[in-house]
Amino acid sequence: MKAMTLLMSVVAVTFPFFATGGDTQDPTPVPGAKKQVYGDTPEELMPYGKFTEPYKRFFLEPNEYRGYGRHIPEPEHVDSVKIGFLGPIEATVSVATGGASHEEQMGRKMLQGARLAIEHANARGGYRGSKTPYELVVRNDNGLWGASGNEIVDLAYKEHVWAILGTIDGANSHIAIRVALKAEVPMMNTGDTDPTFIETAIPWVCRNITDDRQMSYLLADYVFGTLGLTRVAALRANNRYGRMSIDEFRDAATRLGHPFLAELNYQLGDTDFTPQLERIKTLEPEAVITWGDSEESALILAQMRAMGMEQLFIGSDRMVTPEFLEATGDGAFNVVAGYPYDPESGDPKQVAFVEQFTARFGEPPETYAAHAYDGMTQLIEAIERAGLNRALIRDELMAVTSWHGVTGEKVYDAICSNRSPALLAVVEDGAWTFRSLGDR
Amino acid sequence: MILSSTSRRCNSLRELRFGASLACFAAVLLTVGSAASAADEAAGPVGEPYVYTHWETFYASEGGLPNDHIFAITADGDRLWVGTEDGLALYENQTWRSWREKDGLPWRVVSAIAVSEKTGDVWVGLFGGGLARFSGGRFDNFNQFNSGLVNDVVYGVAVLDDTVWVATTAGLSALDTVTGEWEIYTEKNAPMEEIWCYNVDAGDGKVYAAVWGGGILEWDVKTRRWNAHRDPDREMEIDLFRDDGLIHIITTAVSYVDRVLWAATYFGLSRYDGRHWRGYMDHDSGLASNFINFTKGRSATSSYNATDRGLAVLSDFSTDTWVSYRRDTEDAATWTAHISVGNEERRAMSTDLSLPNHFVIAVEIQGNDVWIGTGHGLARGVGAGFFEGLSTPHVEVAKEAGQ
Chain W
19 MKAMTLLMSV VAVTFPFFAT GGDTQDPTPV PGAKKQVYGD TPEELMPYGK
69 FTEPYKRFFL EPNEYRGYGR HIPEPEHVDS VKIGFLGPIE ATVSVATGGA
119 SHEEQMGRKM LQGARLAIEH ANARGGYRGS KTPYELVVRN DNGLWGASGN
169 EIVDLAYKEH VWAILGTIDG ANSHIAIRVA LKAEVPMMNT GDTDPTFIET
219 AIPWVCRNIT DDRQMSYLLA DYVFGTLGLT RVAALRANNR YGRMSIDEFR
269 DAATRLGHPF LAELNYQLGD TDFTPQLERI KTLEPEAVIT WGDSEESALI
319 LAQMRAMGME QLFIGSDRMV TPEFLEATGD GAFNVVAGYP YDPESGDPKQ
369 VAFVEQFTAR FGEPPETYAA HAYDGMTQLI EAIERAGLNR ALIRDELMAV
419 TSWHGVTGEK VYDAICSNRS PALLAVVEDG AWTFRSLGDR
Chain Y
422 MILSSTSRRC NSLRELRFGA SLACFAAVLL TVGSAASAAD EAAGPVGEPY
472 VYTHWETFYA SEGGLPNDHI FAITADGDRL WVGTEDGLAL YENQTWRSWR
522 EKDGLPWRVV SAIAVSEKTG DVWVGLFGGG LARFSGGRFD NFNQFNSGLV
572 NDVVYGVAVL DDTVWVATTA GLSALDTVTG EWEIYTEKNA PMEEIWCYNV
622 DAGDGKVYAA VWGGGILEWD VKTRRWNAHR DPDREMEIDL FRDDGLIHII
672 TTAVSYVDRV LWAATYFGLS RYDGRHWRGY MDHDSGLASN FINFTKGRSA
722 TSSYNATDRG LAVLSDFSTD TWVSYRRDTE DAATWTAHIS VGNEERRAMS
772 TDLSLPNHFV IAVEIQGNDV WIGTGHGLAR GVGAGFFEGL STPHVEVAKE
822 AGQ
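Protein chains in written order, with my numbering: chain W, 19 to 458; chain Y, 422 to 824.
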């Protein structure tokens, strides 16, 4: 705890990052004079920012849909208004692990949140108060890579859903949105924090959860700026989540002049991390970062502490669980993670949601449940405004620039990705506490 | 020949700096303009590209097509195969035939079609239904449960010699139609950073796959080796330099013709001649939009691009001359052809193309004609008097013939 106290006593520096030197080479001409910033990227973290201006910056304008879909007439009658749900809810064999799948816990929470939003909408009178109920059509995406594609085809062409909510795994999400693009079905993502998910120019996709780009920027600012550390080593999951989501933190470290001392990985399902940690220990890092699920992150931390490694331990939002604290016990000090929202904000909407969710399911919500509730509510609101036309639902979804839900204020950028600031999740007195940019 | 020498100068100028092509185009016009007495009717003034001004349209309501949402168009000599959201269609001798699920088509959504030159078999990619072989009036279905097809969500099909290549959402499959053996290519045995294959094209001993998030993969049939083409800057949110390689790693279609590769992305178009890359975007070319659903190379110097804002045709690579067909306004009765050099519009021409929407999904060349498929209807541009490149002055043609 001593180290943690010392860590937290450091006076916070203001965002953005400290200034860095730049190259004097003339930039490549860029069309358009006004400089815009995608992803709220700090100047110091711009790709090739010290080298030159890029020829073209993407994602600064809305992804337009210019197809025919808006002309398709609304059906005269429907028995229910179907909305698809795609998520990891059934345990299967996983390509990532070569064994048991690993995301059902998150998927089931996501399903609970989505289901509660449907129930609330139906309690308000269903579709436009007509008593026509909203119906959740649930599909599991937890099969081998590609399973999500078949499920989206099924939802679009057999179930004739009006919109889809899903999913968590980055590979499945990417597959799903490509199918949604072809089938022209709007999708709301509430659980995939992979930055590249939204960087695909698909005009049918929205994401309401703060992504790993934002969380990485915050963590990098904290580690290299506020704390002034320079020596970081990484040990991450050897799956798509670990590979893609650590990208922005790694790039930030490199661009700030502090490249990783090492980046090692582990296979999902591993329980012994001492070989990797022994190598990392010899490098004498000031901090160790991991990017993976809660269970493995807890094991890594516990084994670090057992080896006498008391360095700052940095992780992803998946680490921020009660189970992590239980598993790490006294070793849970000097720990920090990014987090997509403030679950303790005291916002009346959030308080009411926690009460209702707990009453409905007999257990409290967490991040996947809360974001799914918000995402599904946003989808339903878009359907209420647009009517039963997928393209018009898409238009309504994309038109939202800010939205207040149980996860707080959502601010959407040009390509419908939530850019609400990430929070720091810090272990303090054996519990997770959440700090915004200003008060960390 | 004056035009040829001017074109050669333009070619070298093009290598020097962006924007030179504009001057080159003017030079072409000045040089040959005075010598020309008449130009082809479809071409307009001398030195201009061919413009499709006359179009025929086809809709399901007319009784031919099974559905108006067109996903794939493939020419097979005088025959034309069309894949729709609800059935397969054949246009032959000005007559339509179609097949839906009730007619034996294994799944309603036809996303890709390829015809074997050797056997005449039609290979049909089904979006969520695997692959079908249409032969002798019968459909045989290959899916991920009864064959080596890696996934049932098929985006592209190509045939090279005896092998059928299938781009699926979870990798690439290859069926040897002689032995019946399948090969599967994923991240485990090919340089796929991602496995989401979007399109495949084959020819001249090469197979090219457009991989969503993985760039363009090149398979050499003789050496059985892969080569990967990726965006050199490796960043999603920028293109660092225009001509350093693929514009973006998210590729949507690929076309290989005359040893030149055309690669479509949702961020622009790339051309690769085996040595040099050239990038095109909406702000620096005749592309009306960077969002390209499909590309079809007509030659090494010309490509037809199905964009969400019409059909963008690079008519002449050396002078960077484009014709972009699109609706100018939402309520326009017909599409307009915009002729440009780079992104500088030279003039606009009316056409009689009346498709109600210009989100073009598929494009195919059939002889002198061009076919486009949209979310609501199919159209054929009638290529009477079609010529490649820029129009040639009759005086010069006569002079050359005399020599």
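Every residue, glycine too, gets a C-beta built ideally from N, C-alpha and C. Remember, it's a predicted structure, so these values are computed and weren't measured experimentally.
query, result
"Proximity below 8 Å, CB of Y:L735 to CB of Y:S723", "yes"
"Below-8 Å beta-carbon distance, W:N168 vs any chain Y residue", "yes"
"Short Cβ contact (8 Å threshold) for Y:R748 with Y:E477", "no"
"Within-8 Å CB hit, Y:F548 to chain W", "yes"
"Y:L661: contacting residues in chain W (beta-carbon distance under 7 Å)", "Y66, P72 and Y73"
"Delimiting residues of the alpha helix (DSSP H) encompassing W:M262", "R258 to S263"
"Under 8 Å between C-beta atoms of Y:A621 and Y:A579", "The residue asked about is misnamed: residue 621 of chain Y is Val in this sequence, not Ala. Yes, Cβ-Cβ distance for Y:V621 and Y:A579 is below 8 Å."
"Beta strand (DSSP E) runs wholly inside the region 558-635 of chain Y, at least 3 long, in chain order", "559-563, 575-581, 584-589, 592-597, 603-606, 617-624 and 627-633"
"Continuous beta strand (DSSP E) stretch holding Y:V681: start and end", "V681 to T686"
"Chain W within 8 Å of Y:E765, Cβ atoms only", "no"
"With 16 other Cβ atoms within 10 Å as the buried cut-off, status of W:A377", "exposed"
"Opposing strand residues paired with Y:E477 [DSSP bridges]", "Y:R801"
"Near the ligand SAH: W:L173 beta-carbon under 7 Å from a heavy atom", "Among the ligands in the structure shown, none appear at all, so the ligand SAH cannot be discussed."
"Beta-bridge partners of W:V306, as assigned by DSSP", "W:A251 and W:F331"
"Contact list for W:V203 against chain Y, beta-carbon separation under 8 Å", "Simply none; closest approach about 13 Å."
"Partners in chain W for Y:M770, counting only beta-carbon separations shorter than 7 Å", "Per Cβ cutoff of 7 Å: no residues; Y:M770 is ~22 Å from chain W at best."
"Nearest to W:T211 (by Cα), restricted to the options W:H276, W:I398, W:E296 and W:Y359", "W:Y359"
"Chain W residues whose Cβ lies nearer than 8 Å to that of Y:T590", "G164, G167, I193, R196 and V197"
"As assigned by DSSP and simplified to three states, the class of Y:S482", "helix"
"Beta carbon of W:L330 nearer than 8 Å to that of W:N352", "yes"
"Three-state secondary structure (DSSP) of W:A219", "coil"
"Span separating the alpha-carbon of Y:N567 from that of Y:T598", "15 Å"
"Proximal residues to Y:H704 (C-beta, below 7 Å), its chain only, five neighbours per side dropped", "N764"
"Burial state of Y:V675 (16 or more Cβ within 10 Å)", "buried"
"Nearest-angstrom Cα separation, counted from W:N407 out to W:L24", "Note that W:L24 has pLDDT 34, beneath the 50 cutoff, so the model's placement of it is unreliable and the number below is only indicative. Going from the Cα of W:L24 to the Cα of W:N407 covers about 57 Å."
"Contacting residues, own chain, Cβ-Cβ under 7 Å from W:G50 (five flanking each side not counted)", "For W:G50, the predicted model reports a pLDDT of 47, less than 50, meaning its position is unreliable; a value from the coordinates is still stated below. Correct list: empty, nothing qualifies."
"W:K200 at chain Y interface by Cβ criterion, 8 Å", "yes"
"Chain-ordered residues of the region 202-233 of chain W with a beta carbon less than 7 Å from chain Y", "T214, E217, T218 and A219"
"Residues of the region 624-651 of chain Y whose Cβ lies closer than 8 Å to any Cβ of chain W, in chain order", "W633 and G634"
"Segment limits, beta strand (DSSP E) that includes Y:Q787", "V781 to Q787"
"Euclidean distance between Cα positions of Y:E602 and Y:G569", "8 Å"
"Beta-carbon gap between W:I398 and W:A139 smaller than 8 Å", "yes"
"Chain Y within 8 Å of W:G184, Cβ atoms only", "no"
"Listed by chain order, chain B residues near Y:D524 by CB distance under 7 Å", "Considering every chain present, this structure includes no chain B. Its protein chains are W and Y."
"Reference Y:V784, options Y:E751, Y:G731, Y:E615 and Y:S739, closest by Cα", "Y:G731"
"Proximity to W:A165 [Cα-Cα], best of W:W180, W:P106, W:L183 and W:N207", "W:P106"
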